[in-house]
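Only one structure is covered here, and it is reproduced in the block below.
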Amino acid sequence: MGGRRRRGALGLATLLTAGAVALTGFGTAGAAAAAPVTTAVTAPTGSQAETVVAPDKALKLGAKGKNVVWLQKRLRELGYRPGKADGKYGGTTLAAVWAFQKVNGIKPTSTVAGRTWNALENPKAPKVLVKNGKPTRAEVNLKTQIMVLYVKGEPALITHVSSGSGVPYCETTTWQGKSQRFCGSARTPTGDYKTTWRRSGWHKSYLGQLYNPIFFNGGIAFHGALSVPLYPASHGCVRLPMNVAGELPGLLGKGVPVHVKGAFRR
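When we follow numbering that gives the first Met the number 0, the leftmost residue of the sequence shown carries the number 0, and every step to the right adds one.
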């Protein structure tokens, strides 16, 4: 990777820092963390703009060390949720890397190399789906499989998601004490909604277990899942990495607008 150009000025007008849930992978299902405090930090402008210089070494999943710490701190600074800055590149950090890569037009991969390091020096802001939306709102981009939570008009949380697969299903399960068969289209409908009811911890639905679900369209919710792949895979809900699902209830209240736009192309 030698010879990669290093560039200085920050690409975002506002950097965001937030406490993150200390979960080390998608499969950690501990109790939900206390609500973190999100603070907007305005970057200097003009000649006084902060200079950001990324490491110059490729990182692969499983890597450890100071370069991973730098990656984790930088992602959190920009509004992503890589977990705690423990210097271990695991599943939680990977989901944040995917989100960052997708926002910056980079094909998501587990390897952090030249294009990703360059983008971390000069990052792009996520695409705004609703230009005149409420200052506090959630936007789900089905095309890129990204969710952005805006607070006071600024992106406070950006995360990789997995929405409805679009594959019709029929499943038989025990529900309310008897065997029942459920069929559906496995779609996450586009539209404008608002958050309604929620549950803390694991919630059993007729189609499986949902972690910290926040419902916004009938039975469709944001929720944590042990599997959040790079393609739509749910029955219709918006799956989140477990650490994000642990933090989201403290940031996303009831009655908050949720806008679902776009379409995923396989």
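Where is the CB? At the ideal position from N, CA and C, for every residue including glycine.
For residue j and residue i, the rounded distance between their alpha carbons
i, j, result
"valine 181", "alanine 118", "The sequence given here places phenylalanine at residue 181; valine does not occur at that position. Each residue's Cα considered, the two are about 44 Å apart."
"glutamine 92", "threonine 172", "Checking the sequence, you will find threonine at residue 92 rather than glutamine. Their Cα atoms are separated by approximately 34 Å."
"proline 248", "histidine 234", "21 Å"
"glycine 78", "asparagine 216", "25 Å"
"arginine 265", "tyrosine 230", "8 Å"
"glycine 165", "arginine 238", "14 Å"
"proline 188", "valine 259", "7 Å"
"leucine 128", "alanine 53", "29 Å"
"tyrosine 192", "arginine 136", "10 Å"
"proline 35", "proline 167", "Annotation note: pLDDT 38 at proline 35 (below 50); position unreliable, coordinate value reported separately. Rounded to the nearest angstrom, the two C-alpha atoms are 38 Å apart."
"alanine 185", "glutamate 246", "26 Å"
"asparagine 242", "tyrosine 210", "10 Å"
Limits of the unbroken alpha helix (DSSP H) element including residue i
i, result
"alanine 94", "90-102"
"leucine 70", "65-76"
As assigned by DSSP and simplified to three states, the class of residue i
i, result
"glutamine 144", "coil"
"leucine 156", "strand"
"valine 36", "For valine 36, the pLDDT reaches just 35, beneath the cut-off of 50, and the residue's location in the model is therefore unreliable, although a value from the coordinates is still provided. In the structure shown, valine 36 sits in coil (DSSP, three-state: anything other than H, G, I, E or B)."
"glycine 245", "helix"
"glutamine 208", "strand"
"valine 257", "strand"
"glycine 163", "strand"
"tryptophan 174", "strand"
"alanine 137", "strand"
Residue interval of the beta strand (DSSP E) (run including residue i)
i, result
"tryptophan 116", "No beta strand (DSSP E) contains tryptophan 116, which is instead part of the alpha helix (DSSP H) from 113-120."
"aspartate 191", "190-193"
"phenylalanine 221", "219-223"
"valine 237", "237-239"
Integer Cβ distance of residue i from residue j, believed to fall under 8 Å
i, j, result
"proline 125", "isoleucine 157", "6 Å"
"valine 139", "leucine 58", "29 Å between Cβ atoms; not a contact."
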